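A.B. asks: Heads up, the sequence shown is in the UniProt record's numbering, so the first residue is 1 and it goes up one at a time.
Each residue gets a CB set at the ideal place from its N, CA and C atoms; glycine is no exception.
What you are looking at is a predicted structure, and each value in this text was computed from that prediction instead of being measured.
Input: one structure, supplied below.
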Amino acid sequence: MARWLPRSADLTRFCQKLNRVKTLEDDMMETSFNRCLSTIDLTLLGIGGMVGSGLYVLTGTVAKEIAGPAVIVSFIIAGFASLLAALCYAEFGARVPKTGSAYMFTYVSVGEIWAFLIGWNVLLEYMIGGAAVARAWSGYLDSIFNHKIKNFTETHVGTWQVPFLARYPDFLAAAVLLVATAFISFGAKVSSWLNHVFSAISMGVILFILIMGFILAQPKNWGAQEGGFAPYGLSGIMAGTATCFYAFVGFDVIAASSEEARNPQRAVPRAIAFSLGLATGAYILVSVVLTLMVPWHTLDPDSALADAFYRRGYAWAGFLVAAGSICAMNTVLLSNLFSLPRIVYAMAEDGLFFRVFSQVHPRTQVPVVGIVVFGLLMALLALVFDLEALVQFLSIGTLLAYTFVAASIIVLRFQQQKVDAPVPVADGRPSPEPCEGPSAGELKEYESFSDKLQLVDKDKSKEHREPGQLKAAFEPYLEFLSDFYPGEVVTVAVVTLMVSAICLCSILVFGNTHLHLPTWSYSLLLILFSLGFLLSLLLIWAHEQQRSTQTFQIPLVPLSPALSIVLNIYLMLKLSYMTWLRFAIWLLLGLLVYFGYGIWHSKENLQEPRPQRVSARYVVFPSGSLEERVQAVQPSSQPAAGLPDTNTEDCKR
């Protein structure tokens, strides 16, 4: 029976396959796409992804049912929380100007299986999100014509009562998705131009709403007679923050488009900052005028802005609001259809998804197969499925992607930078093959125990410390950590930080409600997990970071990404158990695809060198320094010339 059990070496090799990272090209600006997008193009794409139907629906819903006029504070806090995640995307988008967004960022820093699962979840997120917006677009247009489209469809086509299916087929939603798919397939420049048109109309309508809203504002609507500014208190503000946070989902379209930017190192960070700032300002100002125009408790959650103008005697303004809402939804549709095929392309190009989706049209320079296939799938979802039960699923995929991108920032900052210099040995000659180490290239044939040996004196190592090594000031207190390979302690600390954050947020969310913990144990667990989180953070900070580069870098690392991780995990745990159940089922399907196809066709798997036997000789000098010589050994297992058998030790990976 024991012979059927896997050996430890096989398990180690299997885990290494799951956690292998993507090897980037030397010239990351080389691409099969058309680098034609400017900073303005990327900024408008980001605004289009964030300022959608939420501006016209979400503001009224949160104001009436959750926070009251204090929805303004909720948007301010949510905007700051989104900024933490956006800065992580900005740094990665500038340093790794490749399409794929969170999938690519996770692949180059954390590992293959985690990257695949992130890409797999983002894929479903965009599909459901695009289909849901198309149905909302259809319903909003239908309401303008007194639901004549709905009545006609139910009368002439019929209805059905089937679980998970819509009451009637929404042909209008499917049609608008097909039209948008056709425009997206014409190329990035056409898509950008169309987005410019809809964004300009949407921003013009928002400007009209703000001007008219401040003219019609009545400060008494925030007075005590109407319930005050924060009728639901601090708990209502924080609950509103959790809902408003999802209004800013969409800036990742900028990172997904970085491979089509002319100058991604400058354009991506600027576009993310500009779009997030403008979107936050729009949400805050619209919330101000909405709650000042009419009392917050009288708002219509389904069409708050149009209803507010109607009640103040400006019914004609409702048509402008409706036009702005439809244009805003169009920009969200374009954003989803623009990003989704590019993420699928990145996964297919790496061999983790079906290769057919990596084809780029030679004239339009877009992944036309992915655009057409997933555009049709999105249209099918909008046509027949009831998406209301699945909309909550969107948030968990987004928050998981934000969490892994934040963790990837920490790992990347404390990794050693690639150096292409050859490794010298005792006699001054370069080694016959490059190896992995503090000054090694990207090949990994000799990654073994010898990699962890320091071949320089301690005094010299203090003069120049590589990223991931312990800072000199902490060495007297944490000397036992200096023996680890640079970056190993940081990786373990990041895992510990995430586990501590999960436990801490679980106690905060479920401690008093589901677990019914007594006060003493609740407080004790909070203190223990908070200490674990802080100690992990301090341990990461005690190591050297990569020096400043010419591209954008998020400030206050590791604090800023760590705060983003805690916030994202907290919001994920606030979701319903049914969302987690659907998420688990989708993850299982993704694992089937990965282990059935991706792990075998991965480019990194095909490029992996075959294991080689190496021999090493260690000579210890009286001074205590250590010198290592590594040579490749022929398969015949004969000793290498010039190395006596007595001093040769076979090292097998």
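Should residue 413 go down as buried or exposed, given a rule of 16 or more other Cβ atoms within 10 Å for buried?
C.D. replies: Under the 10 Å beta carbon count, residue 413 is surrounded by 16 or more other beta carbons and is classified as buried.
A.B. asks: If you draw a straight line from the C-alpha of residue 363 to the C-alpha of residue 103, how long is it?
C.D. replies: 27 Å
A.B. asks: Enumerate, from N- to C-terminal direction, the unbroken alpha helix (DSSP H) stretches of 4 or more residues contained entirely within the segment 211-280.
C.D. replies: Listed in chain order, they are 233-244, 252-256.
A.B. asks: Determine the burial state of residue 23: buried for a count of at least 16 other Cβ atoms within 10 Å of its Cβ, exposed for fewer.
C.D. replies: exposed
A.B. asks: Touch check for the segment 155-173 and the segment 194-212: three-plus C-beta pairs under 8 Å?
C.D. replies: Too few Cβ pairs lie closer than 8 Å, so no.
A.B. asks: Going by DSSP in three states, residue 517 sits in which element: helix, strand or coil?
C.D. replies: coil
A.B. asks: Can you tell me which of the three DSSP states residue 7 falls into?
C.D. replies: Coil, per DSSP.
A.B. asks: Where do the ends of the alpha helix (DSSP H) carrying residue 80 lie?
C.D. replies: 71-95 is the extent of the alpha helix (DSSP H) around residue 80.
A.B. asks: Kindly list the residues whose CB is nearer than 6 Å to the CB of residue 113, restricted to its own chain and excluding five residues on each side of it in sequence; keep chain order.
C.D. replies: 18
A.B. asks: To the nearest angstrom, how far is it from the Cα of residue 264 to the Cα of residue 405?
C.D. replies: Taking the straight line joining both Cα atoms gives about 18 Å.
A.B. asks: Between which two residues does the alpha helix (DSSP H) holding residue 375 run?
C.D. replies: 368-384
A.B. asks: For a test of the three-state rule: what should DSSP assign to residue 361, helix, strand or coil?
C.D. replies: coil
A.B. asks: What does the alpha-carbon distance come out to for the pair residue 474 and residue 495?
C.D. replies: 21 Å
A.B. asks: Return the chain-ordered ranges of every alpha helix (DSSP H) run that is complete within the segment 314-361 and spans a minimum of 4 residues.
C.D. replies: DSSP runs (the alpha helix (DSSP H)) wholly in the segment 314-361: 315-349.
A.B. asks: Within a Cβ cutoff of 6 Å, which residues of the same chain sit near residue 594, ignoring the five residues on either side of it in sequence?
C.D. replies: 116
A.B. asks: Starting from the C-beta of residue 67, find all residues in its chain whose C-beta is less than 8 Å away, skip the five residues before and the five after it, and write them out in chain order.
C.D. replies: Excluding positions up to five away in sequence, the list reads 73, 74, 230, 232, 236, 237, 239, 240.
A.B. asks: Return helix, strand or coil for residue 461, following the three-state DSSP convention.
C.D. replies: Bear in mind that a pLDDT of 44 at residue 461, under 50, signals an unreliable position, so the model cannot answer this.
A.B. asks: Below 8 Å on the Cβ atoms is my guess for residue 337 versus residue 180; work out the distance and round it to an integer in Å.
C.D. replies: 5 Å
A.B. asks: Starting from residue 574, trace the alpha helix (DSSP H) in both directions and tell me its first and last residue.
C.D. replies: That residue, residue 574, is in no alpha helix (DSSP H); it is neither H nor E in DSSP.
A.B. asks: If we ignore side chains and look at the alpha-carbon of each, how far apart do residue 247 and residue 13 end up?
C.D. replies: 43 Å
A.B. asks: Using the three-state DSSP reduction, which class does residue 147 fall into: helix, strand or coil?
C.D. replies: Three-state DSSP puts residue 147 in coil, outside helix and strand.
A.B. asks: Exposed or buried, residue 9, counting other C-beta atoms within 10 Å across all chains shown (16 or more means buried)?
C.D. replies: exposed
A.B. asks: My guess is that residue 294 and residue 315 are in contact by the Cβ rule of under 8 Å, so how many angstroms apart are they, rounded?
C.D. replies: In fact, because the Cβ distance is near 14 Å, the residues do not count as touching under 8 Å.
A.B. asks: Do three or more CB pairs link the segment 348-355 to the segment 129-140 at distances below 8 Å?
C.D. replies: no
A.B. asks: Identify, in the order they occur along the chain, each residue of the same chain with its Cβ nearer than 6 Å to the Cβ of residue 340, setting aside the five sequence neighbours on each side.
C.D. replies: 126, 374
A.B. asks: Note the first and the last residue of the continuous alpha helix (DSSP H) segment covering residue 492.
C.D. replies: 488-510
A.B. asks: Who are residue 543's beta bridge partners in DSSP?
C.D. replies: When DSSP reads this structure, residue 543 sits in a beta bridge with 470.
A.B. asks: Between the beta-carbon of residue 272 and the beta-carbon of residue 255, is there less than 9 Å?
C.D. replies: yes
A.B. asks: Count the other CB atoms within 10 Å of the CB of residue 327; is the residue buried (16 or more) or exposed (fewer)?
C.D. replies: buried
A.B. asks: Is it buried or exposed for residue 47, if we count other Cβ within 10 angstroms and need 16 for buried?
C.D. replies: buried
A.B. asks: Just to check my reading of the structure: residue 291 and residue 195 have Cβ atoms closer than 8 Å, yes? What is that Cβ distance to the nearest angstrom?
C.D. replies: Rounded, the Cβ-Cβ distance is 30 Å, inconsistent with contact.
A.B. asks: Is the segment 494-508 in contact with the segment 529-543, if contact means three or more CB pairs nearer than 8 Å?
C.D. replies: yes
A.B. asks: Between which two residues does the alpha helix (DSSP H) carrying residue 29 extend?
C.D. replies: Looking at the DSSP string, residue 29 is not in any alpha helix (DSSP H), and its letter there is neither H nor E.
A.B. asks: If residue 211 and residue 321 are in contact, beta carbons under 8 Å, what's the gap, nearest whole angstrom?
C.D. replies: Actually they are not in contact, since the Cβ atoms of residue 211 and residue 321 sit about 13 Å apart, beyond 8 Å.
A.B. asks: Please classify residue 165 as buried or exposed, where buried requires at least 16 neighbouring CB atoms within 10 angstroms.
C.D. replies: exposed
A.B. asks: Do residue 543 and residue 490 count as a contact pair if the criterion is CB distance below 9 Å?
C.D. replies: For residue 490 and residue 543, yes; Cβs fall inside 9 Å.
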